[in-house]
Each structure stands twice: as C-alpha cells, then as structure tokens.
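In what follows, a structure is listed as structure tokens, so that the remarks can point back to it.
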Ligand SMILES: Cc1cc2nc3c(=O)[nH]c(=O)nc-3n(C[C@H](O)[C@H](O)[C@H](O)COP(=O)(O)OP(=O)(O)OC[C@H]3O[C@@H](n4cnc5c(N)ncnc54)[C@H](O)[C@@H]3O)c2cc1C
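Numbering (our numbering), first residue to last: 54 to 476.
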C-alpha cells in the first residue's frame with residue numbers, strides 16, 4: 054500500500070522497524086500469511102544498504118533484481134503499509150497489545166502528486182552531499198534519493214533548503230506537489246508484536262588514523278567502492294581514483310580495517326573478506342591490466358562461499374597477501390604505500406599501489422541510536438541478540454551477516470511475530 058499517513062484502522066498485527074532486506078522479508082512473509090503489517094523506515098526509501106550495493110556475492114548479480122521483486126510484492130499487497138521518513142518515538146503496552154507512537158518527518162513533497170519529473174531539482178539553487186553515494190557527489194536540496202528509489206518520489210533535505218525564502222521548486226512543480234510548510238506528525242498505531250530490523254552502518258574509517266582515510270584522497274572504504282562501481286554511482290560505474298579521475302591499475306584491499314580490534318570493533322563483520330573478493334572482480338573486469346592485492350589476517354568464507362574464494366583466487370592478478378596492515382603512507386609520486394606485517398613470519402612488506410580500499414566492518418545502527426523499547430536488550434557492541442516475548446530481532450541488527458542469512462532471519466522473526474498475533 055502507498056506510503057502516506059495510513060487511512061482506515063491503525064491496528065496492525067506486526068510492526069517492523071527498518072525497511073531493509075531483513076525487515077521487508079519479515080513484513081512480506083507475515084502479510085502473505087494474512088497478517089496486517091506496518092513497516093517503519095527512517096530513510097525516504099525502502100531497501101536499506103543493499104540498495105547501495107553494485108553486485109551480490111557469490112553470483113555477482115545486481116541486488117536490484119531481488120529488491121524489485123520485493124517491491125512488486127509490496128505494491129500488490131494491501132496487508133502491508135509502509136511509512137518512510139518515520140521513526141518510532143514511544144512504545145507502551147505488552148505483547149499482544151503494544152501502543153506505538155510514530156513520528157512522520159516531513160518530506161515536503163506530496164507522495165500522491167509527485168511524478169518524479171525532476172523539474173524541481175533543475176531550479177533548486179542549493180546543493181548537499183549525496184549520502185547515498187557516501188558523499189562522493191552532490192544532489193540538490195530537493196532530490197530523488199537514487200535512480201531506482203522506492204517509492205520513486207522526491208524529498209527535501211530541510212537542513213540545507215532555504216524553504217520559503219526561495220520556493221523556486223514550488224513554482225516549477227506543475228503538479229502542486231511541494232508543500233514547504235509541511236510539519237512532522239505523530240500517529241499512534243497498535244501492534245501485537247514487533248520486529249526490530251534496523252541494520253547497520255559502516256564503521257567510521259576516520260577513526261583508523263594509521264590507514265589514511267580522510268588524509269589521502271585515494272584511500273576509500275568498501276561501501277564507497279560499491280558506489281564507484283555502480284552504474285548509478287558518482288562516476289556512472291567507472292572505477293577511478295578520487296584524486297585525479299585516473300583508472301587505478303593497482304588497488305590494495307585492507308581487511309579487518311577496524312574489525313577484530315579491541316580499540317574499534319572487536320568482532321568479525323563476517324562479510325568483508327567476501328566483499329573485497331567481489332570488489333577485486335569489479336576491478337579486474339573493468340580494467341583488464343589491473344592488479345588487486347588483498348591484505349588479510351585470515352580469510353573468512355563460510356560454508357559454500359568457499360567456492361567463491363576458490364574461484365576468485367584462480368585469477369593470478371588477485372593476490373592474497375597474509376599480513377596485517379600497520380600503516381598506509383603516501384609516496385612522493387602520489388601513490389600509496391601499504392606497510393604490512395606477515396602475522397606468521399613477522400616479515401614486513403611495503404607495497405606501492407594507486408588506490409586503497411579499507412574493508413571497514415558493519416556496526417549496528419542501534420549502537421548509537423537506541424529505540425524506545427524497554428525490553429530491547431543490546432549486547433556490548435549494540436547488537437539486539439536477545440529473545441523477549443513479542444519483540445524479535447532480524448538481520449544485521451542481530452549480528453553481522455550476508456543477505457541470504459538476513460532473509461532467513463526476517464522469515465523466522467515473522468513466524469515468531471505471528472505466534473503472538475494468533476493468541
Ligand atoms: C561493502 C559491503 C558489501 C556487501 N556485499 C554483500 C554481498 O555482495 N552479498 C551479501 O549477501 N551481502 C553483502 N553485504 C551485507 C549486506 O549489506 C547486509 O547483509 C544487509 O544490508 C543486511 O540487511 P538488513 O536489512 O539487516 O540491514 P540494512 O540494509 O542496514 O537495513 C536496515 C534498514 O533499517 C533502517 N533503520 C535503521 N534504524 C532505524 C530506525 N530507528 N527506525 C526506522 N528505520 C531504521 C535503515 O534506514 C535501513 O533501511 C555487504 C556489506 C558490505 C559492508
């Protein structure tokens with residue numbers, strides 16, 4: 054059902070917090086079993102971080118194929134109501150009868166009227182960093198979150214928009230879709246059970262001061278590499294060095310950048326080895342005379358993903374180097390020097406490359422931004438690894454995992470939610 058203030062009954066069986074792949078899987082499974090579901094998503098679009106990936110390991114297919122299928126199921130399913138730009142601000146009651154207050158933040162664009170024609174953005178004089186592309190390019194203050202956004206509707210960033218002082222977008226819109234006076238609203242819904250699927254954010258690479266992120270332009274992170282390779286990314290899919298726009302012929306991938314480190318993320322983020330192997334294939338496919346070095350402590354490729362590791366390691370221009378990276382420095386010619394220590398032999402190596410990709414780990418969104426749910430117990434790292442009647446977690450909110458695993462967790466959480474709703 055359309056994203057707007059829900060009409061009709063505000064009674065739902067299940068409330069899903071987080072519209073990423075785990076939350077959407079939970080919502081679809083429950084609704085297709087006949088239950089009424091609300092999905093609350095804080096961003097202006099559904100799909101979560103997966104929407105920002107270029108391809109999926111191990112098959113290397115585009116994530117959008119899978120997401121499109123989910124969106125089609127949502128479009129045709131009156132049992133799901135989703136709210137974007139929405140946040141849970143209060144939860145009271147008990148399993149079987151929760152009262153949930155949800156704040157709907159203003160989009161300033163009417164979802165019914167906007168046709169995504171883009172005339173508004175053409176006249177907007179203000180720019181902002183494009184968070185979808187991790188700040189590697191800009192959008193206007195009124196913007197479409199990305200080319201394949203669901204819902205495909207514009208939104209205004211009110212932290213930079215000049216609102217009524219400017220209002221050029223209002224004049225440009227033939228559909229009367231923009232309302233600069235829109236305000237936040239709070240609605241109350243009822244739910245019998247709650248699924249928490251709030252996902253993750255990339256660990257802040259600027260905290261890794263030995264690895265040069267934010268100091269050297271050509272040190273980027275793995276999530277930025279996904280956007281560089283993506284056809285709808287800041288370079289329209291061309292992998293280039295940020296400093297000079299040149300194709301990098303040599304790229305070092307630094308594993309465990311912050312992960313398995315007591316000073317940063319003490320746990321393994323589970324997917325980073327596979328993500329770097331996948332990104333090495335992006336490089337090799339696009340720049341045939343390129344070479345990738347993957348600096349690792351241990352390679353983690355659980356279960357059948359070992360096949361992907363075997364396949365990738367057959368390319369002699371993807372070189373696996375056993376070594377913990379101690380430092381990244383800039384060479385006089387503007388290249389980067391990766392200084393590593395072999396963890397078995399103690400040998401030190403210096404490798405000159407044209408670009409460095411830090412394989413930063415996944416940190417739960419809940420680490421910093423807590424939900425107002427008393428029963429929600431988090432572990433020391435912020436993961437919702439717990440069981441409480443009526444409240445269930447799914448996806449990376451529970452712990453680092455790949456997409457196939459979080460889809461299963463979403464399905465499991467839906468089943469638990471249904472058990473409460475059936476009582
Ligand atoms: C570099 C990289 C590459 C990867 N590549 C692959 C790959 O090729 N194959 C693979 O299987 N996996 C891959 N992964 C892992 C994959 O991204 C995750 O498994 C997936 O994103 C988990 O989905 P999720 O729904 O749990 O979380 P998310 O994708 O983070 O979705 C959570 C959603 O909840 C929303 N949210 C958060 N807090 C709130 C709140 N308080 N209120 C409302 N909404 C909220 C967020 O805005 C988001 O939309 C990769 C990860 C990285 C870091």
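We put the beta carbon where it would ideally sit given N, CA and C, even for glycine.
Proximal residues to residue i (C-beta, below 6 Å), its chain only, five neighbours per side dropped
| i | result |
| --- | --- |
| residue 258 | 266, 274, 411, 413 |
| residue 322 | 312, 414, 415, 453 |
| residue 345 | 304, 333, 336, 371 |
Neighbourhood of residue i by C-beta distance below 7 Å, restricted to the same chain and skipping five residues each side
| i | result |
| --- | --- |
| residue 55 | At residue 55, the pLDDT of 49 sits below 50, so the modelled position is not reliable; the number obtained from the coordinates is stated separately. So the qualifying residues of the chain are 164. |
| residue 179 | 193, 194, 213, 214, 215 |
| residue 226 | 172, 173 |
| residue 230 | 162, 163, 166, 167 |
| residue 84 | 90, 130, 132, 133 |
| residue 310 | 258, 261, 264, 411, 412, 413 |
Cβ-based burial, residue i [other Cβ within 10 Å; buried from 16]
| i | result |
| --- | --- |
| residue 147 | exposed |
| residue 334 | buried |
| residue 122 | exposed |
| residue 296 | exposed |
| residue 246 | buried |
| residue 207 | buried |
| residue 222 | buried |
| residue 369 | exposed |
| residue 356 | exposed |
| residue 3 | Because residue 3 is not part of the residues shown, which for the chain are 54 to 476, the question remains open. |
| residue 459 | buried |
| residue 381 | buried |
| residue 284 | exposed |
Segment limits, beta strand (DSSP E) that includes residue i
| i | result |
| --- | --- |
| residue 308 | 303-310 |
| residue 132 | Careful: residue 132 lies outside any beta strand (DSSP E) and carries neither H nor E. |
| residue 446 | 444-446 |
| residue 139 | 139-147 |
| residue 266 | Taken as a continuous stretch (DSSP letters only), residue 266 belongs to no beta strand (DSSP E), as it is neither H nor E. |
| residue 67 | 67-70 |
| residue 182 | 180-182 |
| residue 154 | 150-157 |
| residue 392 | 389-394 |
Under the three-state DSSP convention, the category residue i falls into
| i | result |
| --- | --- |
| residue 85 | helix |
| residue 164 | coil |
| residue 434 | coil |
| residue 79 | helix |
| residue 418 | helix |
| residue 298 | coil |
| residue 371 | strand |
| residue 348 | strand |
| residue 285 | coil |
| residue 55 | Because the pLDDT at residue 55 is just 49, under 50, the model does not fix this residue reliably, and the value given afterwards should be weighed accordingly. Residue 55 falls in the coil class under three-state DSSP. |
| residue 449 | helix |
| residue 218 | helix |
| residue 120 | helix |
| residue 244 | strand |
Residue i Cβ short of 6 Å to ligand 1 heavy atom set
| i | result |
| --- | --- |
| residue 449 | yes |
| residue 328 | yes |
| residue 106 | yes |
| residue 455 | yes |
| residue 102 | yes |
| residue 489 | This structure cannot settle anything about residue 489, because the visible part of the chain is limited to 54 through 476. |
| residue 247 | no |
| residue 93 | yes |
| residue 252 | yes |
| residue 109 | yes |
| residue 158 | no |
| residue 75 | yes |
| residue 364 | no |
| residue 275 | yes |
| residue 96 | yes |
| residue 352 | no |
| residue 461 | no |
| residue 72 | yes |
| residue 418 | yes |
| residue 140 | yes |
| residue 444 | no |
| residue 209 | no |
| residue 324 | yes |
Residue range of the alpha helix (DSSP H) that includes residue i
| i | result |
| --- | --- |
| residue 473 | 456-475 |
| residue 339 | 325-339 |
| residue 281 | 275-282 |
| residue 359 | 359-366 |
| residue 175 | 172-176 |
| residue 221 | 221-225 |
Any non-hydrogen atom of ligand 3 closer than 6 Å to residue i Cβ
| i | result |
| --- | --- |
| residue 112 | Because ligand 3 does not appear in the structure shown, any question about it cannot be addressed here, the ligands present being ligand 1. |
Beta-carbon contacts of residue i that lie in its chain and below 8 Å, excluding the five residues immediately before and after
| i | result |
| --- | --- |
| residue 151 | 68, 144, 145, 243, 244, 245, 246, 247, 443 |
Cβ of residue i within 7 Å of any chain C Cβ
| i | result |
| --- | --- |
| residue 97 | Protein chain content of the structure displayed is limited to a single chain, and chain C is not contained in it. |
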